[in-house]
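Heads up: the sequence lines are chains A and B, in that order.
First residue of the first sequence? That's 1 in this note's numbering, and the numbers climb one at a time after it.
First residue of the second sequence? That's 283 in this note's numbering, and the numbers climb one at a time after it.
2 protein chains.
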Amino acid sequence: MRIGFVGLGVMGRPMADNLVAAGHELSVYRGRTDLEAQVCASAKEVAERSEVVILMVPDTPDVEAALFAPGGAAEGLRPGSLVIDMSSISPTATIGFAQLIEKLGCDYLDAPVSGGEVGARDGTLTIMVGGRPDVFERARPIFDVLGKNVTPIGGPGAGQTAKVANQIIVGLTIEAVAEGLLFAERAGADPAVVRQALMGGFASSRVLEVHGERMVNEAFEPGFRLRLHRKDLGLAVQAAAELDLPLPNTAATQQLMNAAIADGDGELDHSALYRTLRREQS
Amino acid sequence: MRIGFVGLGVMGRPMADNLVAAGHELSVYRGRTDLEAQVCASAKEVAERSEVVILMVPDTPDVEAALFAPGGAAEGLRPGSLVIDMSSISPTATIGFAQLIEKLGCDYLDAPVSGGEVGARDGTLTIMVGGRPDVFERARPIFDVLGKNVTPIGGPGAGQTAKVANQIIVGLTIEAVAEGLLFAERAGADPAVVRQALMGGFASSRVLEVHGERMVNEAFEPGFRLRLHRKDLGLAVQAAAELDLPLPNTAATQQLMNAAIADGDGELDHSALYRTLRREQS
């Protein structure tokens, strides 16, 4: 298939590699020259050369620019083309982007991922997809190259909604484990022993297992960078205001992430919230 | 063994039943007459008749009264007796109680449990124990009747510390799942589909599995009553002030539990926080 790829960063680059390895013909924007792909001068040129255009960029304004700025993909798309946004961005903005792309006679899916750099390289990403079922089926061969756990969530924006829900739950569970283990430590118990004792019960989670161990060992190399998680909680808090929805612990955790980043910990794993809370002690 | 049992409530009653069934000779205070046990007029009388005195009462002041009020167990304990407090109470108060009991020439363990009424009935409680290792070994045959996952955590108070850490993590994870699933619902996705999609990744937890399902089905019969979880977060917040430790999300979740109880939901399962957050919507 002739696939365009916009955004060859930490995640996008190994994803593009996997598509080339699966035999697809790639056109890329902002690519390094060592990739077997046609390097283009703009997202518009990528769109002109492709049936499917994949976006993997940092944030909502980057998706908007890649699609709709002068020289953006919208200028090069032909009717019948498919845009798949695999970035993690605003669910509400996504609904607007999908409508604008559909007005051009094209299809749109939002398909954010989790699983990080390792998942991108190994083709084992979890992919949460929003959009029409027939369009999902059209994109499935691509998703099968990039990921393992591919779930259609619902209509336009539903993939981004699921991703934000995921980031809320993961972020707040990390904060919960940090508060619990730090309480144990400060009250004089060994947090490693407490963590082990709690693993069999209702406190058990992947976060207690993976991030709890990082806290106990104070080993905070990423993993998933705290700075990026703050962005995702920002999406949640912004959408919550649009929806008149109270997310008190999401908001508080975002504030703690601000403190962590101010302390210079933004490039550490998000489990470094543990030492942020510890540092807040008088 | 001659065992005294003070506090035959929802948890204590089936625990006492299991000790009788295992062949122990029980003296009880505030017992129903259908139990095969010596019913006593005071905790003092229970202590006079027993080598080991188990407490299973609601809160810190109840333990204090059962031990040290006039007619309390301290008046009846003989040197060499063992007090095991299986209630969930303040870790810092526990250290004081242990010291007072040891001054009488007796031993003390704090051994709070998790696993609820079902665990108490089936003898499958998780038991987190604080106290001296040799005293733990002395009590092990009793613990083996009452529970399955029995862990020595550390010195005096460490069992209560682990229990509070557990309640922090469970309570805040429930709140996290509630925020995530409610976000999904209000943003127009099906929370049941989102929950399922998230089960394989870093958001996965026993809480997402069990309490997340209760939220999706709006089925909030307990389980563990929200009112009791508020008490446990109260212990955390109180100890945090004594330790100069910031627990921002524990404090915020305790406030939400206040709102839930004000709404009349205190006797529901703690997963009913979901509808508290939903009700807060304008």
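Ideal Cβ positions, reconstructed from N, Cα and C, are used throughout, including at glycine.
All values reported here derive from a predicted model rather than from experimental measurement.
Can you give me the Cβ contacts of P415 of chain B inside the same chain, cut-off strictly under 8 Å, excluding the 5 residues immediately before and after it?
Along the second sequence, one-based indexing puts residue 415 of chain B at 133. The residues are P434.
Just curious, the beta strand (DSSP E) that M15 of chain A is in, first and last residue?
Position 15 of the first sequence, counted from the first residue, corresponds to residue 15 of chain A. It is not in any beta strand (DSSP E) - M15 of chain A instead sits in the alpha helix (DSSP H) that spans 12–21.
The stretch 143–170 of chain A: which residues have C-beta closer than 8 Å to a C-beta of chain B, in chain order?
N149, T151, I153, G154, G155, G157, A158, T161, A162, V164, A165, N166, I168, I169, V170
Proximity test, Cβ basis, 7 Å: T276 of chain A and chain B:
The residue given as residue 276 of chain A occupies position 276 in the first sequence. No, its Cβ sits nowhere closer than 7 Å to a Cβ of chain B.
Can you pull the chain B neighbours of D190 of chain A, defined as C-beta to C-beta under 9 Å?
Here residue 190 of chain A refers to the residue found at position 190 of the first sequence. In chain order: I435, G436, A440.
CA-to-CA distance, T126 of chain A to R488 of chain B, given in whole angstroms:
Looking up residue 488 of chain B in the second sequence gives position 206. Looking up residue 126 of chain A in the first sequence gives position 126. If you take the alpha carbons of R488 of chain B and T126 of chain A, they lie about 20 Å apart.
Answer with yes or no whether the minimum CB distance from R225 of chain A to chain B is below 7 Å.
If you number the first sequence from 1, residue 225 of chain A lands on position 225. By this cut-off, R225 of chain A is not an interface position.
Any beta carbon of chain A sitting closer than 7 Å to that of V459 of chain B?
Taking the second sequence and counting its residues from 1, the one referred to as residue 459 of chain B is at position 177. Closer than 7 Å to some Cβ of chain A, the Cβ of V459 of chain B qualifies, so yes.
Report the three-state DSSP secondary structure of R507 of chain B (helix, strand or coil).
Within the second sequence, numbered from 1, the residue matching residue 507 of chain B stands at position 225. Looking at R507 of chain B - three-state DSSP - the assignment turns out to be strand.
For D426 of chain B, does the count of other Cβ atoms within 10 angstroms reach 16, so buried, or fall short, so exposed?
In the second sequence, the residue the question calls residue 426 of chain B occupies position 144. D426 of chain B comes out exposed.
For chain A, is any of its Cβ atoms less than 7 Å away from the one on D545 of chain B?
In the second sequence, counting from the first residue as 1, residue 545 of chain B sits at position 263. So no, D545 of chain B is outside the interface.
Neighbour list for S486 of chain B in chain A, Cβ cutoff strictly below 8 Å
Mapped onto the second sequence, residue 486 of chain B falls at position 204. Going along chain A in sequence order, the residues near S486 of chain B (Cβ under 8 Å) are S205, R206.
Measuring straight from C-alpha to C-alpha, what distance separates Y274 of chain A and I261 of chain A?
Locating residue 274 of chain A in the first sequence gives position 274, where the first residue counts as 1. Locating residue 261 of chain A in the first sequence gives position 261, where the first residue counts as 1. Whole-angstrom Cα-Cα distance: 13 Å.
Endpoints, alpha helix (DSSP H) assigned at P373 of chain B
Start at 1 with the first residue of the second sequence, and residue 373 of chain B comes out as number 91. Its alpha helix (DSSP H) spans residues 373–385.
Supposed close pair D551 of chain B, R496 of chain B - CB separation, criterion 8 Å
Here residue 551 of chain B refers to the residue found at position 269 when the second sequence is read from its first residue. Here residue 496 of chain B refers to the residue found at position 214 when the second sequence is read from its first residue. Right, the Cβ-Cβ distance comes to about 6 Å (below 8 Å), so this counts as a contact.
Would you say V210 of chain A and P191 of chain A are within 7 Å of each other, going by their C-beta atoms?
Numbered from 1 along the first sequence, position 210 holds the residue referred to as residue 210 of chain A. Numbered from 1 along the first sequence, position 191 holds the residue referred to as residue 191 of chain A. No, they are not a contact pair.
Quickly, what does DSSP pair R560 of chain B with across the bridge? List them, please.
Within the second sequence, the letter at position 278 stands for residue 560 of chain B. Note: R560 of chain B sits in no beta bridge, so no partner.
Restricting to Cα atoms, I'd like to know which of B:E357, B:P352, B:P340 is closest to D367 of chain B.
Counting from 1 along the second sequence, the entry for residue 367 of chain B is found at position 85. Closest by alpha carbon: B:P340.
Taking 6 Å as the limit between beta carbons, can you name the residues of its chain near G505 of chain B, skipping five residues before and five after?
Indexing the second sequence from 1 puts residue 505 of chain B at position 223. Correct list, in chain order: D551.
Does L172 of chain A get closer than 7 Å to chain B when you measure Cβ to Cβ?
Residue 172 of chain A sits at position 172 when you count from the first residue of the first sequence. Closer than 7 Å to some Cβ of chain B, the Cβ of L172 of chain A qualifies, so yes.
Residue range of the unbroken alpha helix (DSSP H) whose run includes T443 of chain B
Mapped onto the second sequence, residue 443 of chain B falls at position 161. Element bounds for T443 of chain B: 440–468.
Meets three-Cβ-pair contact criterion under 8 Å: the stretch 157–170 of chain A and the stretch 222–236 of chain A:
yes
Name the chain B residues whose beta carbon is nearer than 8 Å to that of R186 of chain A?
The residue given as residue 186 of chain A occupies position 186 in the first sequence. L525, L527, listed in chain order.
Below-7 Å beta-carbon distance, N531 of chain B vs any chain A residue
For the purposes of this step, residue 531 of chain B is identified with residue 249 of the second sequence, where counting begins at 1. By this cut-off, N531 of chain B is an interface position.
Could you spell out the range, first to last residue, of the alpha helix (DSSP H) harbouring V339 of chain B?
As a first step, residue 339 of chain B is located in the second sequence; it is residue number 57 there, counting from the start. Where V339 of chain B is concerned, there is no enclosing alpha helix (DSSP H), given that its DSSP letter is neither H nor E.
For F5 of chain A, would you say it is in contact with chain B, using Cβ-to-Cβ distances shorter than 7 Å as the test?
Counting from 1 along the first sequence, the entry for residue 5 of chain A is found at position 5. No - not a single Cβ of chain B is within 7 Å of the one on F5 of chain A.
Look at the Cβ atom of V53 of chain A, then the Cβ atom of A73 of chain A, and state whether they are nearer than 7 Å.
Taking the first residue of the first sequence as position 1, residue 53 of chain A is located at position 53. Taking the first residue of the first sequence as position 1, residue 73 of chain A is located at position 73. It is a contact, given that the beta carbons lie within the stated cut-off.
Tell me which same chain residues have a C-beta within less than 7 Å of the C-beta of S282 of chain A, skipping the five on either side of it?
Here residue 282 of chain A corresponds to residue number 282 of the first sequence, with the count starting at 1. Any reading at S282 of chain A must be qualified, since the residue scores a pLDDT of 47, below 50, and its modelled position is unreliable; no value is offered.
Cβ pair count under 8 Å reaching 3, the stretch 3–18 of chain A against the stretch 45–52 of chain A:
yes
Hey, is T126 of chain A's beta-carbon within less than 7 Å of any beta-carbon in chain B?
Here residue 126 of chain A is taken as the residue at index 126 of the first sequence, counted from 1. So yes, T126 of chain A belongs to the interface.
Chain B beta carbons: is any one of them nearer than 7 Å to that of A252 of chain A?
In the first sequence, counting from the first residue as 1, residue 252 of chain A sits at position 252. Judged by the 7 Å Cβ criterion, A252 of chain A is in contact with chain B.
Residue-chain proximity (A198 of chain A, chain B), Cβ-Cβ < 7 Å:
Indexing the first sequence from 1 puts residue 198 of chain A at position 198. Residue identity check: residue 198 of chain A is Leu in the sequence provided, not Ala. By this cut-off, L198 of chain A is an interface position.
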